[in-house]
Amino acid sequence: MEVASNFKDVEGRSHQDISDCLDQINDGVDNLAQSIIELRRMNQEGGDSDFTWRMSNVETWVSAALTDATTCVDGFSGRDMGQLKATIKGKVLNVAQVTSNALALVNRFAARHRATNKP
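Residue numbering for the sequence shown follows full-length UniProt numbering, starting at 1 and increasing by one per position.
The following block contains the structure:
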């Protein structure tokens, strides 16, 4: 998000939109970082219930990161889109797509684990 970090010359509503977007993206990064930590903890002992709990956390946090990216993009809807905002929106849409793919992988992994570990 180095593009968004260099918006000192932007004023008014556009500045606020970009600032809000940066906050959302930072929240999303925090959620994804927490998810990575949780995935690493799965290698520790704890059994199937621990796996289920940890995967639920990961699914929630990756989903929240996707929501953060979507909220950022939604903040630009219906407003005058200058070049900087258009560039940021394009990059965030890419982040949202990658995050959506990650969520699909996490959900698929959790579903397969549940299917192969039925009592």
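Positions of the beta carbon are idealized from the N, C-alpha and C atoms, including for glycine.
Can the beta-carbon of residue i be found closer than 9 Å to that of residue j?
i	j	result
Leu-32	Thr-116	no
Ala-69	Ile-18	no
Glu-28	Leu-84	Residue identity check: residue 28 is Gly in the sequence provided, not Glu. Not a contact, by the Cβ cut-off of 9 Å.
Val-58	Ala-96	no
Ser-35	Val-92	no
Counting C-beta neighbours from all protein chains within 10 Å, is the total for residue i 16 or more, i.e. buried, or is it exposed?
i	result
Gly-88	Sequence check: residue 88 is Ile here, not Gly. The residue is buried, with at least 16 neighbouring Cβ atoms inside 10 Å.
Ser-56	exposed
Trp-61	buried
Arg-54	buried
Gly-75	buried
How is the alpha helix (DSSP H) around residue i delimited, first residue to last?
i	result
Asn-31	12 to 41
Asn-94	83 to 116
Straight-line CA distance for residue i to residue j?
i	j	result
Ser-63	Gly-12	31 Å
Gly-82	Asp-20	16 Å
His-15	Thr-71	16 Å
Arg-114	Ala-104	15 Å
Arg-41	Asn-101	22 Å
Glu-38	Asp-23	23 Å
Asn-94	Val-73	11 Å
residue 121	Lys-118	The structure shown has nothing for residue 121, since the chain only spans 1 to 119.
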